[in-house]
Amino acid sequence: MRIVAGRHRGRSLKTPSDLAVRPTADRTREALFNILMSGRLSEEGNRRLPEARVLDAFAGTGALGLEALSRGAAHAVFMENYAPAIEICRANIRSLGEESHAEILACDVLHPRPAPAPCDIVFLDPPYNQGLAEKAVAALLRAGWIAAGTLVSVELMKNEPFETPPGFTELDARSYGKAKLVFLRYEG
Numbered sequence: 070m071r072i073v074a075g076r077h078r079g080r081s082l083k084t085p086s087d088l089a090v091r092p093t094a095d096r097t098r099e100a101l102f103n104i105l106m107s108g109r110l111s112e113e114g115n116r117r118l119p120e121a122r123v124l125d126a127f128a129g130t131g132a133l134g135l136e137a138l139s140r141g142a143a144h145a146v147f148m149e150n151y152a153p154a155i156e157i158c159r160a161n162i163r164s165l166g167e168e169s170h171a172e173i174l175a176c177d178v179l180h181p182r183p184a185p186a187p188c189d190i191v192f193l194d195p196p197y198n199q200g201l202a203e204k205a206v207a208a209l210l211r212a213g214w215i216a217a218g219t220l221v222s223v224e225l226m227k228n229e230p231f232e233t234p235p236g237f238t239e240l241d242a243r244s245y246g247k248a249k250l251v252f253l254r255y256e257g
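The numbering of the sequence shown is this note's numbering, which starts it at 70 and goes up by one.
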């Protein structure tokens, strides 16, 4: 697994040896970031990523947050509760030299710590087919990670059901192989 674009383009990321963590496939990650960088999902029509504060929830290896940093995000918070994944994420942050722009929170996304400030973009990649996406969105909203205008990208299994939570607008949904990406904006 590699960083797809930006200042760390082509750099390798450590991945787990077990199946407890399922990193977003390179093709899906590239598509997600191409959509973000196009500006189509932004109210102003400009790109949302440069200088953004991002949350990589269910971070696993940290690939989504690290891709965001590589492409110009100002700060990334990585939320994960599986100890081996936290160590891999920490090693990936260190190998890219992003310690000053990254923070790891060892906590459950369904019971997050209160946010010091809302994020501009939230990447939500819960384990497939466990019905966690809607619960995680609600928990992050209650804890202050999501505010009016926050863009939320949810990765699901292609046929996994998902109901847009109240207060959110679905901006786009696309399938890539076994995965489906749903883009939401919180209207407040």
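The beta-carbon is built from N, C-alpha and C at its ideal position, and this holds for glycine as well.
Please read these numbers as outputs of a predicted model, since none were measured by experiment.
**Prompt:** Should the segment 141 to 152 be called in touch with the segment 217 to 235, which here means at least 3 C-beta pairs below 8 Å?
**Reply:** no
**Asked** Can we say the segment 221 to 238 touches the segment 202 to 211, given the rule of at least three CB pairs closer than 8 Å?
**Response** yes
**Request:** With distances taken Cα to Cα, identify the nearest neighbour of E156 among A143, L165, G134, T130.
**Result:** T130
**Prompt:** Does DSSP put L174 in a helix, in a strand, or in coil?
**Reply:** strand
**Asked** DSSP three-state call for G114: helix, strand or coil?
**Response** In this predicted model, G114 has a pLDDT of only 46, less than 50, meaning its place in the structure is not dependable; the value taken from the coordinates is given anyway. Here G114 sits in coil by DSSP.
**Prompt:** Roughly how far, in whole angstroms, is the beta-carbon of V73 from the beta-carbon of F102, given that I think they are within contact range, below 8 Å?
**Reply:** 7 Å
**Prompt:** For K249, which residues of its own chain have a beta-carbon under 6 Å away from its beta-carbon, when the five flanking residues on both sides are left out?
**Reply:** L225, K227
**Prompt:** Taking the alpha-carbon positions, what's the G200 to V223 distance?
**Reply:** 12 Å
**Item:** Segment limits, beta strand (DSSP E) that includes V251
**Value:** 248 to 255
**Request:** Give the secondary structure of S86 by DSSP, where H, G and I count as helix, E and B as strand, and everything else as coil.
**Result:** coil
**Coil, strand or helix - I72 by DSSP** = coil
**Prompt:** With DSSP run on the structure shown, which of helix, strand or coil describes T97?
**Reply:** helix
**Request:** Identify which residue in D125, L174, S139, L165 has its Cα closest to the Cα of P195.
**Result:** D125
**Prompt:** Quick one: what does DSSP say E203 is sitting in, helix, strand or coil?
**Reply:** helix
**Request:** Count the other C-beta atoms from every protein chain shown that fall within 10 angstroms of the C-beta of R117, then say buried if there are 16 or more, exposed otherwise.
**Result:** buried
**Neighbour-count burial assignment, S81, 16 or more Cβ in a 10 Å radius** = exposed
**Asked** Per DSSP, which one or two residues make a beta bridge with A242?
**Response** V251
**Request:** Under 7 Å Cβ to Cβ from H258, same chain only, skipping five residues before and after it: list those, please.
**Result:** Only positions 70 to 257 of the chain appear in this structure, which leaves residue 258 out of reach.
**Asked** Which residue's Cα is closest to the Cα of E229: P183, A100, V221, K247?
**Response** K247
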